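Offset between the sequence shown (1-based) and our numbering: plus 96. Just so it is clear, CB atoms sit at the ideal spot from N, CA and C, and this is done for glycine as well. Just so it is clear, the structure is predicted and the values come from calculations on it, not from any experiment. For reference, the structure discussed in these notes is given below.
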Amino acid sequence: MTTAPPPGCPAHAERVPLGGPRFQTDPTALYRELRREHGPVVPVVLPGDIPAWLVVGYRELHQVTTDATLFTRDSTLWNQWDNIPEGWPLAPMISREQPSILYTVGPRHQARAAVISDALEAIDPFELRRYAEEFADGLIDQFCATGETDIISRYAMLLPVRVLARVYGVPDEHGPDLVSALVDMVDGRERALAGQAHVQQTILALVAEKAQHPGSDVASRMLALAEKTGFTPADVAFDLMVMAAAGHQPTADWIGNTLRLMLTDDRFTASLSGGRHSVAEAMNEVLWEDTPTQNVAGRWAVRDTRLGGRAIAAGDLVLLGLAAANGDPQVRTDASVLTGGNNAFFSFGHGEHRCPFTAQETAEVIARTAVEVLLDRLPDLDLAVPAADLTRRPSPWLRGMTALPVTFTPTPALGGHR
């Protein structure tokens with residue numbers, strides 16, 4: 097005699113694979129269909145046939161990210177650890193053993209977050225913009241005389257980590273290798289573990305160096321603050337890894353997605369020649385309509401509960417559908433209308449585990465500077481292909497362009513002089 101599975105059990109429900117070409121082509125329509133067919137909480141399956149829940153409703157996502165007692169970041173509670181295959185490609189994103197801030201809860205998490213925020217708070221915003229302008233000009237100098245380039249591979253994907261490496265204390269020459277490793281790590285594909293290993297080696301070397309020879313950089317400040325609050329250099333290293341991953345790729349995609357919007361959307365194309373909508377407005381629209389971070393893993397249910405009409409079992413993984421929640425029709429009844437600076441999006445998360453405000457400010461300065469410098473240097477920038485031919489990376493986690501080919505009037509390099 098067999099027993100019927102409990103209603104809403106993710107191991108038996110009709111599950112939706114969290115992946116596939118529609119995350120590249122039209123995730124907005126995909127999330128709309130998922131919401132219509134499954135409601136605000138969707139049963140999904142991760143690589144390796146691992147079940148989870150994807151929250152696509154704005155109200156439900158607010159509940160999950162607000163109630164840290166019921167939906168925790170303590171990944172040791174996951175009821176699927178025994179089923180995770182060796183070499184699982186999502187291991188860099190969902191870890192049982194990594195002692196970083198991502199999986200720290202309660203007062204210890206608050207103290208750890210304060211170390212990060214205080215270290216980032218000391219960054220001089222004018223100095224940060226100067227670094228961003230320096231690297232932006234240097235990258236543009238490499239292609240400005242050609243009249244054409246791919247903005248993603250030759251600019252957006254290279255800039256954020258160079259700036260972050262400088263303020264964190266990483267030598268400039270390590271920036272290019274960090275780019276490749278970070279992209280591999282966060283895409284969650286076959287090279288994810290190798291990318292994670294390279295990032296870890298780089299950050300561990302940085303922390304060891306700064307412990308012996310501190311400087312006026314984020315890593316040195318974090319080490320000093322950690323010593324006062326009972327955290328170890330290893331804690332600092334793991335948190336710097338999180339900061340590098342969370343700071344680089346989403347910011348690179350923020351740059352790329354903003355430029356795509358400004359080059360393809362009638363609401364913004366006029367701004368390239370001084371029209372009515374600014375870079376800041378375009379960046380804010382991207383956080384609503386085309387947010388770089390689509391989905392986040394995640395939270396774990398502390399006990400059996402219900403969410404959005406679903407029975408969630410203790411230990412179930414709940415994925416945060418940030419992009420889907422931003423597009424919830426109960427919140428955005430008319431997606432064609434500009435948000436006018438409304439920042440009630442989930443693009444930086446919500447609750448005590450949201451992206452620290454100082455980190456958000458850092459990302460915004462880098463992204464805005466990147467877009468403004470590019471448009472200042474190449475004012476007649478235009479797409480080199482039809483907008484319909486643009487493609488996205490295959491990741492269901494981060495939404496960014498595979499390429500953004502453009503043309504422009506060739507201009508001479510600045511050679512380091514702005």
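Contact between L418 and N391 is confirmed by a C-beta separation of about 7 Å, below the 8 Å threshold. When C-alpha distances from W493 are compared across A252, E223, D280, the shortest belongs to D280.
Three or more beta-carbon pairs separated by less than 8 Å are not found between the region 322 to 331 and the region 220 to 228, which leaves the two stretches without contact. Note that the region 497 to 504 touches the region 476 to 484; at least 3 beta-carbon pairs, one per stretch, sit closer than 8 Å.
Put simply, the backbone Cα of G271 is about 11 Å away from that of V295. With respect to the C-alpha of P143, the residue from Y251, T401, N179 having the closest C-alpha is N179.
Going by beta carbons, L355 and L500 fall inside the 8 Å limit. At the C-beta level, L300 and A315 stay beyond 8 Å of one another. If you draw a straight line from the Cα of A215 to the Cα of M318, it comes to about 6 Å. In this structure, the alpha-carbon of V382 lies about 34 Å from that of P203. The distance from the Cβ of L415 to that of V151 is about 7 Å, consistent with a contact at the 8 Å cut-off. Here L142 carries a strand assignment [DSSP, helix/strand/coil]. Contact fails between the region 446 to 459 and the region 187 to 194, because fewer than three Cβ pairs, one in each stretch, are under 8 Å apart. When DSSP states are grouped into helix, strand and coil, D214 belongs to the helix group.
Apart from sequence neighbours up to five positions away, the residues of its chain that approach I236 with a beta-carbon distance below 6 Å are R473, ordered along the chain.
For the region 387 to 441, the full-length beta strand (DSSP E) segments reaching 3 residues or more read 391 to 397, 401 to 403, 406 to 408, 413 to 417 along the chain.
Apart from the 5 residues on each side of it in sequence, T242 sits with its Cβ closer than 8 Å to the Cβ of P506 in its chain, given in chain order. For the set P256, G291, A218, the Cα lying nearest the Cα of E229 is the one of P256.
Unbroken alpha helix (DSSP H) runs of no fewer than 4 residues, entirely contained in the region 463 to 509, are not found.
Around the C-beta of R489, 16 or more other C-beta atoms lie within 10 Å, and the residue is accordingly described as buried. Between the alpha carbons of Q120 and R111 lies a gap of roughly 20 Å. Out of G153, N380, A342, the CA that lies nearest to the CA of Y127 is found in G153. If you draw a straight line from the Cα of M339 to the Cα of S213, it is about 11 Å long.
For T347, no beta strand (DSSP E) segment is defined; the enclosing uninterrupted segment is the alpha helix (DSSP H) at 329 to 360. A distance below 7 Å between beta-carbons, with the five flanking residues on each side excluded, links T124 to the following residues of its chain, in chain order: G423. Around the beta-carbon of T200, 16 or more other beta-carbon atoms lie within 10 Å, marking it buried. Just measuring C-alpha positions, the residue of L486, A277, D246 sitting nearest A293 is A277. When rounded, the separation of the alpha-carbon atoms in V140 and P310 is 46 Å. Beta-bridge pairing by DSSP links D246 to P501.
Cβ neighbours of V266 within its own chain (closer than 6 Å, five residues either side excluded): L302.
The alpha-carbon separation between S196 and S171 amounts to approximately 12 Å.
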